[in-house]
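*Asks:* Position 176, counted from 1, in the sequence shown is what full-length UniProt numbering calls 176; the numbers after and before it change by one each time, with no gaps.
Quick one: the structure is below, and I'll ask about it shortly.
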Amino acid sequence: MAEEQHQRSRSQNSDKLVNKSGWIFRKSTGIIKKFKKCYIILENKHLYIYTNDLKVLLKAIINFDQVESTVSFNSRENDRIILRFKDNSVYFEFKGPSEEISEWYTLFSQHIKNSSPTKNPSFLGKTPKKFWKFDNISNYEFMHSAQTGDIILFKGRSKICLALRGIMNSEFDHIGVIYILNNLIYIFESTRSTGVILTSWTEFMEHSWYNMYSRIAYRKLILDRNECFYNQAHEFVVESEGKPYKLLKLSNDDHKGYFCSELVAEFYRRTGVIYHNTPAKKFMPKNFINGYGVNIIQGELGPLQDIKFNVY
Numbered sequence: 001m002a003e004e005q006h007q008r009s010r011s012q013n014s015d016k017l018v019n020k021s022g023w024i025f026r027k028s029t030g031i032i033k034k035f036k037k038c039y040i041i042l043e044n045k046h047l048y049i050y051t052n053d054l055k056v057l058l059k060a061i062i063n064f065d066q067v068e069s070t071v072s073f074n075s076r077e078n079d080r081i082i083l084r085f086k087d088n089s090v091y092f093e094f095k096g097p098s099e100e101i102s103e104w105y106t107l108f109s110q111h112i113k114n115s116s117p118t119k120n121p122s123f124l125g126k127t128p129k130k131f132w133k134f135d136n137i138s139n140y141e142f143m144h145s146a147q148t149g150d151i152i153l154f155k156g157r158s159k160i161c162l163a164l165r166g167i168m169n170s171e172f173d174h175i176g177v178i179y180i181l182n183n184l185i186y187i188f189e190s191t192r193s194t195g196v197i198l199t200s201w202t203e204f205m206e207h208s209w210y211n212m213y214s215r216i217a218y219r220k221l222i223l224d225r226n227e228c229f230y231n232q233a234h235e236f237v238v239e240s241e242g243k244p245y246k247l248l249k250l251s252n253d254d255h256k257g258y259f260c261s262e263l264v265a266e267f268y269r270r271t272g273v274i275y276h277n278t279p280a281k282k283f284m285p286k287n288f289i290n291g292y293g294v295n296i297i298q299g300e301l302g303p304l305q306d307i308k309f310n311v312y
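Next up, the structure:
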């Protein structure tokens, strides 16, 4: 199938990198600086910092391919290492047993050495003040990464979108799932104005519809996709397209339409991504942000990545 051509690719350098995860202490970046225990993952030139090993609450993410970084030992303490970033006064300091810290230093150095921040245009040469809050990818990178089953979240600029975020207590007010058809990217979504529809990403870009949103984020579904997955995805898209939009839980008839996050959850349920007895109508966009309740079978959702449309 055409979708099978959209596989994740890694550079030869990335394949040779040694990844590592574990507990460590990190000094806070706030006014009161103290060390707090955290769980970190160093993987494919990315550093993920979580509050615990459940990997639910992501505190910081650093993409060494986007941010020019250096690592060094603390000049006064050999059980501490410091990550510094170009054109930014913020630094990350870690501490732990000397032997463990030494290993982290070696691996940080390796990942940084193999990164190419000067060749990556995601920040147009500028490092934002709080760059560690979000991972960023260009639209070009997104288009070469997107696969059926990945999700895309939207933060609209309108008052209705603002009200929806308030009602749902969510950073995003809309969500869709990626569907690849004839090598083209579509957003399978349910909107107030169209109901359930396949929106062409090409058309989305041509009409600059991204300007309607203050933020658009992407999460990759990390999963081994098989023929059954693609067949079930196709069947559900054909079956659901044209059904009406259903606001939140105002309707108890599952066959009359879908709320946006309900549609994504049902897509996951039908394709076997989540368990078959999972009630799709209980899902809100925020469930796909923080991961609560999205119990993916033999896979996981990657971190949020903000799509930047001013770079390619």
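Each residue gets a CB set at the ideal place from its N, CA and C atoms; glycine is no exception.
Using a Cβ-Cβ cut-off of 7 Å (strictly less than) and excluding sequence neighbours within five positions of K243, which residues of its own chain qualify?
*Replies:* Here the set comprises G195, V196, G257, Y258.
*Asks:* In its own chain, which residues sit with a C-beta less than 7 Å from the C-beta of L107, not counting the 5 before and 5 after it?
*Replies:* Excluding positions up to five away in sequence, the list reads V18, K20, L42.
*Asks:* Among S69, K95, L223, Y179, which one has its Cα closest to the Cα of I81?
*Replies:* Nearest C-alpha to I81: K95.
*Asks:* To the nearest whole angstrom, what separates the beta carbons of V71 and S109, a pair I think is in contact under 8 Å?
*Replies:* Indeed, because the Cβ distance is near 6 Å, the residues count as touching under 8 Å.
*Asks:* Using the rule of at least 16 other Cβ atoms within 10 Å of the residue's Cβ for burial, across every protein chain shown, is T271 buried or exposed?
*Replies:* The residue is buried, with at least 16 neighbouring Cβ atoms inside 10 Å.
*Asks:* Is the beta carbon of R165 less than 7 Å from the beta carbon of S214?
*Replies:* For R165 and S214, no; Cβs fall outside 7 Å.
*Asks:* Out of G149, N295, M205, state which residue places its alpha-carbon closest to the alpha-carbon of D224.
*Replies:* Taking only the C-alpha atoms, the option nearest D224 is G149.
*Asks:* Which term fits P117, buried or exposed, when burial requires 16 or more other beta carbons within 10 angstroms of its beta carbon?
*Replies:* Buried, by the Cβ-count rule.
*Asks:* I'd like the span of the alpha helix (DSSP H) that includes F204, first residue to last.
*Replies:* Per DSSP, F204 belongs to the alpha helix (DSSP H) from 201-206.
*Asks:* State the DSSP-derived secondary structure class of W209, mapped to helix, strand or coil.
*Replies:* W209: helix per DSSP, three-state reduction.
*Asks:* Give the secondary structure of K36 by DSSP, where H, G and I count as helix, E and B as strand, and everything else as coil.
*Replies:* DSSP places K36 in strand when its eight states are reduced to three.
*Asks:* According to DSSP, simplified to helix, strand and coil, what is E68?
*Replies:* Coil at E68, not helix or strand.
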